[in-house]
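Chemist:
Residue numbers (my numbering): 62 to 250.
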């Protein structure tokens, strides 16, 4: 019989290794940005720095969860089958990162298209995604919950993922349409 850690912590560990790899790439990109574009506005530099900090926190929370579940509590099956505040931080940091980037692009679309209606339309699913991400983390924040019982929060996870995906698609469509010269004023005014 296989260990409960294989089914629950194994995929998290593999995902964390990819996360760590991409965090290294992000760090190099951040360094290159900060050293190359010294004359960029301060708020954009702060924006990039905050985004990097959120990504670092996401990686650290996952590492601490894995260390706690797989090293400190080695052999304790409940440590890998129970959600804690550390597992709850993943949807929160992911949701905050998503809306943080989406708000930047919403602002950029508003500036380019001069359409508050379009910006507001994109803001709705982005906000729904953040609400879903925070709500889906509540079981871990309120106490220990068996991972198998997280299915009860499926609606919040669906709201989180669909809201973020719809916002991303709307952002993509709006930017591509603007770049090819499509006039949003004819449709949205």
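By construction, the Cβ of each residue, glycine as well, lies at the ideal position given by its N, Cα and C atoms.
1. Keeping to the same chain, check which residues put their C-beta closer than 6 Å to that of residue 231; ignore five residues upstream and five downstream.
2. Which residue's Cα is closest to the Cα of residue 196: 221, 186, 111 and 173?
3. If you count every other CB in all the chains shown that lies within 10 Å of the CB of residue 17, and 16 or more means buried, which is it?
4. Expressed to the nearest angstrom, what Euclidean distance is found between the alpha-carbon atoms of residue 159 and residue 109?
5. Which runs of the alpha helix (DSSP H) fall wholly inside the region 75 to 152 and span at least 4 residues, in chain order?
6. Counting only runs that start and end within the region 211 to 244, where is the alpha helix (DSSP H) found for 4 or more residues in a row?
7. Exposed or buried, residue 193, counting other C-beta atoms within 10 Å across all chains shown (16 or more means buried)?
8. Look at residue 224 and residue 180 and say whether their C-beta atoms are less than 8 Å apart.
9. Here's the rule: buried if 16 or more other CB atoms are within 10 angstroms of the residue's CB, otherwise exposed. What is residue 130?
10. Could you tell me the alpha carbon to alpha carbon distance between residue 117 and residue 240, rounded to whole angstroms?
11. Below 6 Å CB to CB, which residues in the same chain sit around residue 166 once its five sequence neighbours on both sides are set aside?
12. Just to check my reading of the structure: residue 77 and residue 124 have Cβ atoms closer than 8 Å, yes? What is that Cβ distance to the nearest angstrom?
13. From residue 214 to residue 176, what distance separates their C-alpha atoms?
14. Shortest alpha-carbon distance to residue 153 belongs to which of 169, 200 and 173?
15. Report the three-state DSSP secondary structure of residue 175 (helix, strand or coil).
16. Grab me the residues of residue 111's own chain with a C-beta within less than 8 Å of its C-beta, minus the 5 sequence neighbours each way, in chain order.
17. Buried or exposed: residue 226, going by 16 or more other Cβ atoms within 10 Å of its Cβ?
18. Hey, how far is the Cα of residue 235 from the Cα of residue 186?
19. Residue 219: which of 156, 75, 100 and 126 sits nearest, CA to CA?
Modeler: Based on what the coordinates show:
1. Within the same chain, residue 231 has close Cβ partners 183.
2. The option with the nearest alpha carbon to residue 196 is 221.
3. Lying before the first or after the last residue shown, residue 17 is absent from the chain, which here runs from 62 to 250.
4. Distance from the CA of residue 159 to the CA of residue 109, rounded to the nearest whole angstrom, comes to 13 Å.
5. As summarised for the region 75 to 152, the continuous alpha helix (DSSP H) elements at least 4 residues long and confined to that stretch are 103 to 128 and 138 to 142, given in chain order.
6. The region 211 to 244 contains these whole alpha helix (DSSP H) runs: 215 to 240.
7. Using a 10 angstroms sphere on the CB of residue 193, the tally of other CB atoms reaches 16 or more, which defines it as buried.
8. No, the pair does not count as a contact, with Cβ atoms beyond the cut-off.
9. With 16 or more Cβ atoms within 10 Å of its Cβ, residue 130 is classed as buried.
10. If I take the Cα positions, the gap works out to 33 Å.
11. Closer than 6 Å at the Cβ level, and outside the excluded window around residue 166, lie 232.
12. About 7 Å separates the beta carbon of residue 77 from that of residue 124, a gap short enough to meet the 8 Å contact definition.
13. Taking the straight line joining both Cα atoms gives about 36 Å.
14. With respect to the C-alpha of residue 153, the residue from 169, 200 and 173 having the closest C-alpha is 200.
15. Coil, per DSSP.
16. If the five residues before and after residue 111 are omitted, its C-beta is found closer than 8 Å to the C-beta atoms of 161, all from its own chain and listed in chain order.
17. Exposed.
18. C-alpha of residue 235 to C-alpha of residue 186: approximately 14 Å in a straight line.
19. Closest in alpha carbon position to residue 219, among 156, 75, 100 and 126, is 156.
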